[in-house]
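Numbering-wise, full-length UniProt numbering puts 77 at position 77 of the sequence shown, and it's gapless, one number per residue.
C-beta atoms are modelled at their ideal positions from N, C-alpha and C, and glycine is treated no differently.
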Amino acid sequence: MEHFTIATVAEQSPDFRRVLWTGKHTQLVIMTIPPGGEIGEEVHEVDQILTFVSGVGQAVVSGQTRKVAAGDLVVVPAGRKHNFTNGGPNPLVLYTVYGPPEHADQAIHKTKEEADRLEEQGKDEPPQD
Numbered sequence: 001m002e003h004f005t006i007a008t009v010a011e012q013s014p015d016f017r018r019v020l021w022t023g024k025h026t027q028l029v030i031m032t033i034p035p036g037g038e039i040g041e042e043v044h045e046v047d048q049i050l051t052f053v054s055g056v057g058q059a060v061v062s063g064q065t066r067k068v069a070a071g072d073l074v075v076v077p078a079g080r081k082h083n084f085t086n087g088g089p090n091p092l093v094l095y096t097v098y099g100p101p102e103h104a105d106q107a108i109h110k111t112k113e114e115a116d117r118l119e120e121q122g123k124d125e126p127p128q129d
């Protein structure tokens, strides 16, 4: 059995992105966006559900903008352009579930720049069936 005290695990991670668990149909990832940082505008071919643990920020999904804070959950359906930014003084911490998986199993990206570079190099691909 996999078990996580997810808010605690997410808040203890200094990494921009860390894959905690990858299954056949879904993937659990924690993220820490530094003050002034962002995930970066993107479009996935998978569904994504993001739950915010601490900090404050802004969600932009399909051109709609909303503030986000601890306890908020945002759904990003496949094919929708989205970005999440941290406008607060503290890290914006969240966990997200992708369905199906979006990143390499057990991937750890210390910074957004590292994550972007590995994606561009094709080194952050999800497991194939």
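Look at residue 8 here: in three-state DSSP terms it is helix.
At least 7 Å separates the beta-carbon of residue 103 from that of residue 46. A contact between stretches requires three or more CB pairs, one per stretch, nearer than 8 Å, and the region 104-120 fails this requirement with the region 66-86. The residue among 32, 39 and 108 with its C-alpha nearest the C-alpha of residue 90 is 32.
In this structure, DSSP gives residue 47 an extended state, which the three-state scheme calls strand. In this chain, the alpha helix (DSSP H) harbouring residue 117 covers 112-120.
As for any beta strand (DSSP E) of minimum length 3 sitting wholly inside the UniProt domain "Cupin type-2" (30-98), the runs are 47-54, 56-61, 64-69, 73-76 and 82-85, ordered along the chain. Between the C-alpha atoms of residue 8 and residue 128 there is a straight-line separation of about 30 Å. Taking C-alpha positions only, residue 22 is separated from residue 4 by approximately 14 Å. Judged by their CB atoms, residue 29 and residue 49 are not nearer to each other than the 7 Å cut-off.
Nearest to residue 72 by alpha-carbon distance, out of 44, 80, 57 and 42, is 57.
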